[in-house]
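In the numbering used here, the protein residues as written are 13 to 455.
We treat Cβ as the ideally placed atom computed from N, Cα and C, and that holds for glycine.
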């Protein structure tokens, strides 16, 4: 009998959010010095994907509920040689008929690019970096039989209760008792009406995705900027993430004004994914062990950048102390009780989030692979750059991702070209980069 798992609340939300016009797909783009070996890569991909059941499963509806049906692993890999003017293309991953992972490799004369596309219903960003790291380890082992590395242990039993997030009944009750303060935030979420990043005609779900999907641009900072931001956050007695969130709010408002949108009392809402992994869950196969928090600010709240920073830091501190990051999942549990509740939540009629901001922190920080100038050597190639690309959705025009690799911070902007042109997206990213540089230099 095929192995099956029921979908969790969050997985079902991501399934319903998915559409032709707005695929709920994330990406990781990686650039290597050297040309990946096709035989070794395909063998390594099979090894890595086989360890993670949700990445080789399809979604079925059974007795009114959705479930994963796990198939034999058969990773979809497109392979092209860029020297003959070939480029990979990407389409929406339909979980009813195909698996939620695709790998695309494009070779140049002396370098390689790998695009990892995955459906958010299958796993979150931290999980896909877990899989990608295993892929790099397996590739190094395929290329070099003497490679002094091995694949980490995986506990498949942790998939069964992934929807509980490791909460016992006692811990669940203790958390709930500390979260009454979060009810005010729930009321604000429901009653405030956040604005689109820019006014535009909102495409219908059945319309095709843009031909340029995914539309992404990235900026790689010099190591001294990353160091400067860390020092600036320490001086201000806030986290580095608080500082980045402040700069993003300021950059968003500056961008909107430059685009002719002057709405000082309109709400801008950031959606910020947060990991809920506990220590034992780091051995779990790829899955969504994640929630989200939401931060709202208006232009009139941003007139004093230092006050804005402290205010955001206090709010994020309260969220952490009271574990308010669980509230979003509690709301999904409640929505699932109602007929088509999750489906309505996933397909709102108006804007509920202006921009997504995800911070994946340091990736591959504890990898056993050897390094060249801080960069991973994977057999016959060296990993030079990594870019994390979050998904966008209907009413959501832009998503930004931040990660650190080899002491270098990278920020990506995934935008909807139907709402934010490539030129406008460049202005938004440029404005954010400028503000982050200014923060890094502040005394």
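- Per DSSP, residue 284 is one residue of the beta strand (DSSP E) stretching across 279-287.
- For residue 39, the closest of 171, 116, 152, 83 by C-alpha to C-alpha distance is 116.
- Residue pairing by DSSP puts residue 371 in a beta bridge opposite 414.
- Residue 262 and residue 447 have their C-alpha atoms roughly 8 Å apart.
- With contacts defined as CB atoms closer than 8 Å, residue 157 and residue 134 fail to qualify as a contacting pair.
- The three-state secondary structure of residue 101, taken from DSSP, is coil.
- Given a length threshold of 4 residues, each whole run of the alpha helix (DSSP H) inside the segment 120-177 is given here in chain order: 137-155.
- Burial check for residue 167: the Cβ neighbour count within 10 Å stays below 16, so the residue is exposed.
- As DSSP reads the structure, residue 423 sits in a beta bridge with 231, 414.
- Annotated three-state conformation of residue 333 is helix, per DSSP.
- With respect to the C-alpha of residue 422, the residue from 79, 400, 404 having the closest C-alpha is 400.
- For the segment 298-354, the continuous beta strand (DSSP E) assignments of 3+ residues that do not extend past its boundaries occur at 302-310, in sequence order.
- Looking at the backbone, the Cα of residue 155 and that of residue 392 are separated by about 7 Å.
- Excluding its 5 nearest sequence neighbours in each direction, residue 257 has C-beta neighbours in its own chain below 8 Å: 282, 284, 307, 324, 328, 369, listed in chain order.
- With a cutoff of 8 Å on beta-carbon distance, residue 68 and residue 143 are scored as not near each other.
- When secondary structure is reduced to three states using DSSP, residue 25 falls in the helix class.
- By the Cβ test, the segment 288-295 is not in contact with the segment 260-275, since fewer than three Cβ pairs between them sit closer than 8 Å.
- In this structure residue 122 is exposed. Its beta-carbon is surrounded by fewer than 16 other beta-carbon atoms within 10 angstroms.
- By alpha-carbon distance to residue 83, the top candidate from 74, 92, 77, 70 is 70.
- Boundaries of the beta strand (DSSP E) around residue 69: 69-74.
- According to the DSSP assignment, residue 257 belongs to the alpha helix (DSSP H) that extends over 252-270.
- When DSSP states are grouped into helix, strand and coil, residue 18 belongs to the strand group.
- Contact annotation: the segment 169-176 does not touch the segment 365-382, with fewer than three C-beta pairs closer than 8 Å.
- The C-beta of residue 218 has fewer than 16 other C-beta atoms within 10 Å across all chains shown, which makes the residue exposed.
- A distance below 8 Å between beta-carbons, with the five flanking residues on each side excluded, links residue 354 to the following residues of its chain, in chain order: 21, 24, 25, 28, 344, 347, 348.
- Here the segment 220-228 makes no contact with the segment 379-387; the two share fewer than three CB pairs at distances below 8 Å.
- By the CB criterion at 8 Å, residue 126 and residue 114 fall outside the cutoff.
- Here the alpha carbons of residue 330 and residue 243 stand approximately 23 Å from one another.
- Its Cα nearest to that of residue 420, the residue 398 stands out among 398, 433, 427.
- Sorting 120, 53, 340 by C-alpha distance to the C-alpha of residue 305 places 340 at the top.
- Assignment of residue 453 by DSSP, reduced to helix, strand and coil, places it in the helix class.
- Its Cα nearest to that of residue 406, the residue 366 stands out among 366, 385, 101.
- Shown here, residue 205 sits in coil according to DSSP, grouped into three states, outside any helix or strand.
- With respect to residue 139, residue 298 sits close: the two C-beta atoms are nearer than 8 Å.
- For residue 61, the enclosing alpha helix (DSSP H) has its first and last residue at 50-62.
- In terms of CA proximity to residue 259, 442 leads the group 41, 442, 59.
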